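Going letter by letter, the sequence shown gives residues 1 to 515 in the UniProt record's numbering.
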Amino acid sequence: MLNLSVLLEDGARTTPDRDCVVFGDLRLNYAIVDMIANQVANLLVARGVRPGDRVALASPNTPYFPFVYFGALKAGAVVVPLNVLLTSREIAFHLRDSGATALFAFTGTADLPLGQRSRAAFDEVDSCTTYIDLPATAGAVESEIEGAETLWKALDGMPGTFATVRTEADDTAVLIYTSGTTGTPKGARLSHNNLLFNAVCSDALFDRRTDGPDVFLAALPLFHIFGQTTMMNTALYRHATMVLQARFTADDALSLMEREGVSIFAGVPTMYWGLLSAQGEHDMAAITGSLAVAVSGGAALPGELARQVEERLGVEILEGYGLSETSPVIAFNNPKVKAKTGSIGRPIWGIEMKLVDGAFEDVEGEGPGEIAVRGHAVMQGYHGHPEADALVLKDGWFRTGDIARRDEEGFYFIVDRSKDLIIRGGYNVYPRELEEVLMTHPGVSLAAVVGVADATRGEEIKAYVIRAEGAAVSESELVEWAKERLAAYKYPRVVEFRDELPMTATGKILKRELR
Numbered sequence: 001m002l003n004l005s006v007l008l009e010d011g012a013r014t015t016p017d018r019d020c021v022v023f024g025d026l027r028l029n030y031a032i033v034d035m036i037a038n039q040v041a042n043l044l045v046a047r048g049v050r051p052g053d054r055v056a057l058a059s060p061n062t063p064y065f066p067f068v069y070f071g072a073l074k075a076g077a078v079v080v081p082l083n084v085l086l087t088s089r090e091i092a093f094h095l096r097d098s099g100a101t102a103l104f105a106f107t108g109t110a111d112l113p114l115g116q117r118s119r120a121a122f123d124e125v126d127s128c129t130t131y132i133d134l135p136a137t138a139g140a141v142e143s144e145i146e147g148a149e150t151l152w153k154a155l156d157g158m159p160g161t162f163a164t165v166r167t168e169a170d171d172t173a174v175l176i177y178t179s180g181t182t183g184t185p186k187g188a189r190l191s192h193n194n195l196l197f198n199a200v201c202s203d204a205l206f207d208r209r210t211d212g213p214d215v216f217l218a219a220l221p222l223f224h225i226f227g228q229t230t231m232m233n234t235a236l237y238r239h240a241t242m243v244l245q246a247r248f249t250a251d252d253a254l255s256l257m258e259r260e261g262v263s264i265f266a267g268v269p270t271m272y273w274g275l276l277s278a279q280g281e282h283d284m285a286a287i288t289g290s291l292a293v294a295v296s297g298g299a300a301l302p303g304e305l306a307r308q309v310e311e312r313l314g315v316e317i318l319e320g321y322g323l324s325e326t327s328p329v330i331a332f333n334n335p336k337v338k339a340k341t342g343s344i345g346r347p348i349w350g351i352e353m354k355l356v357d358g359a360f361e362d363v364e365g366e367g368p369g370e371i372a373v374r375g376h377a378v379m380q381g382y383h384g385h386p387e388a389d390a391l392v393l394k395d396g397w398f399r400t401g402d403i404a405r406r407d408e409e410g411f412y413f414i415v416d417r418s419k420d421l422i423i424r425g426g427y428n429v430y431p432r433e434l435e436e437v438l439m440t441h442p443g444v445s446l447a448a449v450v451g452v453a454d455a456t457r458g459e460e461i462k463a464y465v466i467r468a469e470g471a472a473v474s475e476s477e478l479v480e481w482a483k484e485r486l487a488a489y490k491y492p493r494v495v496e497f498r499d500e501l502p503m504t505a506t507g508k509i510l511k512r513e514l515r
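So this is what it looks like as structure tokens:
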């Protein structure tokens, strides 16, 4: 038996009184977080959720996330974390595709009406039969969402103990949605073993041996595998305290670092850029005195930014590499070995990496070639998409779609992407989905979306559009059209109209020329 909930349960057994979650003025110890997760597990069983059923969770970084995440795992269910920026249409797709039978959704705010969007999606999907509101007001019994039941009302009378359902190491624990190879969102099936090993390996890579508990600042969204593994699961594995930041702002992050004595932080490069820009009146001596580990991933880290962080925050950024399909960490600049500027590091323990060509044949020497990986981190496959599995999985090896070279010491350097993936501020954006939405506009004949360099977000989204004959659609109209139908990080910010687009002889758009 192996169930990922052991991460929380072990802390509740051995350090029950230690702060597990800090959120604003709220401090919850390991025993309390585990007890509420047990209540959630009892609730799910009472509502008919069976082992293997999928439970969707739409929440920013609040205590609700670990409550529901580990409660679902205890019940033997599969967690389906949802990006909080998804529209109702997108949430409904994820519910249908995953076959989720229950949805826990945060009420949200006026600026982010997550509860309204989630409830509308729930009402569209017949197979999803349980909806639980995670209220913005702590302890609220009555819901602001019409027809919804709050978590606290649902948990009333539920026991605080639960016998965790037996699950095996290779059973699916989490479905992480990614667009994989084709642009259609697909759920990567990550097992209990995948995620536990990745947390253990991440802990070892941080190379921390301290007498007291570490303090993690979870500013990365926990619905994303980067934050979920390297912040939440790794923090719980080492019985650390996890400080939750619902929405990252650099000024608030520095205030939390100062107040809580944060020792471990992970973020995408733009977060570090923000931290440098927001130092202001903060006690930087206190912050640098406690901050011991800084990790970067999600996008290439500029060398100059890394240098400034080390100079001004007093900590070397350790850069790593991974994907949703790999739990995520597969390569890292180990602090025991001097990092190389621009490198994603070397494979972590238990992971093999190599370079392959378009036929999946090995590329010898420096390369370049596409990174392929195998080992404990690699997903079991995509949920319900065997045709996609066949494209990326072969003999245990997973094709990442990223082109790299390697040096004589085994350090890997990303040089290009074989897919057209755009990484905007650490979020993956897949052009095909945007193109399909744009082309539903009656004034659009053809659209191609690419990423263009951006100083603050790494890449920005640009659409090249050929208008339909006789149409007079404007840039602002198309941006608004996409904004209404896509999550906030996905829609194009720039639209350029053209009479034609560069194409190959077979009619394939030459996106590299557009870039």
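Virtual Cβ for every residue (Gly too), placed ideally from N, Cα, C.
Quantities reported herein were computed from a predicted structural model and do not represent experimental measurements.
TODO: Buried or exposed for tryptophan 349, please, with buried defined as at least 16 other CB atoms from any protein chain shown within 10 angstroms of its CB.
DONE: exposed
Open item on the list: Quick test of your reading: valine 444 and arginine 467, contact by CB under 8 Å. State the CB separation rounded to the nearest angstrom.
Closed with: 7 Å
- [ ] Inspect the beta-carbon positions of glutamate 258 and isoleucine 287 and report whether they are closer than 9 Å.
- [x] yes
Task: Inter-residue spacing [alpha-carbon to alpha-carbon] between glycine 180 and tyrosine 430 - done: For glycine 180, the pLDDT reaches just 46, beneath the cut-off of 50, and the residue's location in the model is therefore unreliable, although a value from the coordinates is still provided. C-alpha separation (whole angstroms): 9 Å.
Task: CB contact flag (lysine 483, glutamate 433, <9 Å) - done: no
- [ ] Out of Thr62, His94 and Leu2, state which residue places its alpha-carbon closest to the alpha-carbon of methionine 232.
- [x] Thr62
- [ ] Determine which residues share a DSSP beta bridge with leucine 134 and list them.
- [x] Phe106
Open item on the list: Taking CB distances under 9 Å as the criterion, tell me whether glycine 350 reaches chain D.
Closed with: Of the protein chains in the structure, only one exists, and it is not chain D.
Open item on the list: With the cut-off set at 9 Å, would you say threonine 178 and leucine 323 are in Cβ contact?
Closed with: yes
Open item on the list: Here's a check: name, in chain order, each residue in its chain whose Cβ is nearer than 8 Å to the Cβ of glutamate 310, leaving out the five neighbours to either side.
Closed with: Glu316 and Ile317
Task: Residue ranges of each alpha helix (DSSP H) within the region 222-261, 4 or longer - done: 234-237 and 250-260
Task: Nearest-angstrom Cα separation, counted from leucine 478 out to histidine 192 - done: 43 Å
Open item on the list: Tell me the rounded alpha-carbon separation between leucine 4 and asparagine 38.
Closed with: 14 Å
Task: Segments of 4+ residues assigned as alpha helix (DSSP H) that fall wholly inside the region 314-387 - done: none
Open item on the list: I'd like to confirm the pairing. Which residues does DSSP put opposite glutamate 496 in its beta bridges?
Closed with: Tyr464
Task: Reference threonine 341; option with closest CA among Tyr131, Ala300, Thr241 and Phe104 - done: Ala300
TODO: Return the CA-CA distance between threonine 506 and isoleucine 91, expressed in angstroms with no decimal places.
DONE: At threonine 506 the pLDDT is 39, less than 50, meaning the model places this residue with poor confidence and gives no usable figure here.
Open item on the list: Helix, strand or coil, according to DSSP, for methionine 503 in the structure here?
Closed with: strand
TODO: Report yes if the CB atom of threonine 326 is closer than 9 Å to the CB atom of phenylalanine 398, and no otherwise.
DONE: yes
- [ ] Report the option in Thr14, Met353, Gly401 and Glu9 whose CA atom is closest to the CA atom of tyrosine 69.
- [x] Glu9
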